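In what follows, a single structure is set out as structure tokens and then discussed.
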């Protein structure tokens, strides 16, 4: 009994002193990026302890652990409260964009890996659909990114949010990546994070010829039928090799994470898209 009492007294100061967090790294995996929107969606409107002296700037900040934690991974709610106001809401998204791709290793980060344990949840298709079968350079190739269940499904079997990356072919084409557009389907019932080579809405950028996107509902499974997530516009200026035809494709880039409101990961299928690129010989 004495040993137990001494152990509790030893641990108590550590509990009272709080834990470290970095604003924008909501899942505490060591990096602020598009994946951090998904925990905010799961925990939306949860509340806990305010963080004294809170800032959204990227430095270690102490918080008192919340009673709330994510249902599957156990990430404490204090990591999600980027602005320190004791409520998880849309204001906490700003720190993700502000600190995009910043990294840390002093808050005890661990991989964020929601389990595939919603066995009854049907897998939707994540698909890229080009709007035209071909373009003649110079022109803009437009495509939409769709999450499609095929038929409406019950809400309890649907998905709360999704995060993924895209990359596109550049071997034979001259692309003006500084003008690439990824425009989210910004409906009132969703939150979005978009990061392109120009910035993460719009502070830090990802690598050229890539983009990252996340969409999440406010704590509910809002993906239950067919939803357009975003429209992509990529300017193709020329075909670089001595040819008048080429093919341009957009592919999905891992990780692709689809989860429900219980933080359970859901499987999906993917369909990439391509378009013919033509060049008029003016000689």
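In this note's numbering, the protein residues as written are 360 to 642.
Even glycine gets a Cβ: it sits at the ideal position worked out from N, Cα and C.
None of the values given here were measured: they were computed from a predicted structure.
Closest option to residue 405, judged by alpha-carbon separation, among 547, 553, 497, 446: 446.
Just measuring C-alpha positions, the residue of 400, 539, 631 sitting nearest residue 556 is 539.
For residue 454, the enclosing alpha helix (DSSP H) starts and ends at 453-457. For residue 401, the three-state secondary structure derived from DSSP is helix. Annotation: residue 627 is outside any beta strand (DSSP E) and is labelled neither H nor E by DSSP. Buried is the label assigned to residue 573, since at least 16 other Cβ atoms lie within 10 Å of its Cβ. Straight-line spacing of the CA atoms in residue 422 and residue 638 works out to 58 Å. Note on the stretch 425-495: whole beta strand (DSSP E) runs with a minimum of 3 residues are 484-489, 493-495, in chain order. Between residue 417 and the set 427, 380, 407, 470, the nearest pair of CA atoms involves 380.
Cβ neighbours of residue 599 within its own chain (closer than 7 Å, five residues either side excluded): 531, 532, 533. In terms of CA proximity to residue 611, 569 leads the group 414, 569, 640. Scanning 546, 636, 621 for the CA closest to the CA of residue 401 turns up 621. Annotated as proximal: residue 441 and residue 415, with beta-carbon spacing under 8 Å. Residue 586 is positioned such that its CB atom lies no closer than 8 Å to that of residue 457. The residues 462, in chain order, have a CB closer than 6 Å to that of residue 390 in the same chain once the five nearest residues on each side in sequence are set aside. Distance from the CA of residue 481 to the CA of residue 495, rounded to the nearest whole angstrom, comes to 39 Å.
Residue 618 sits close to residue 519, with the two beta carbons spaced by under 8 Å.
Comparing alpha carbon positions, the residue from 553, 377, 471 closest to residue 411 is 377.
Taken through DSSP and simplified to helix, strand or coil, residue 620 comes out as coil. In the DSSP assignment, residue 533 falls within the beta strand (DSSP E) that extends over 532-534.
For residue 586, the three-state secondary structure derived from DSSP is strand.
In the DSSP assignment, residue 571 falls within the unbroken beta strand (DSSP E) covering 569-576. Taking the Cβ atoms as the reference, residue 591 lies roughly 15 Å from residue 521, outside the contact range of under 8 Å.
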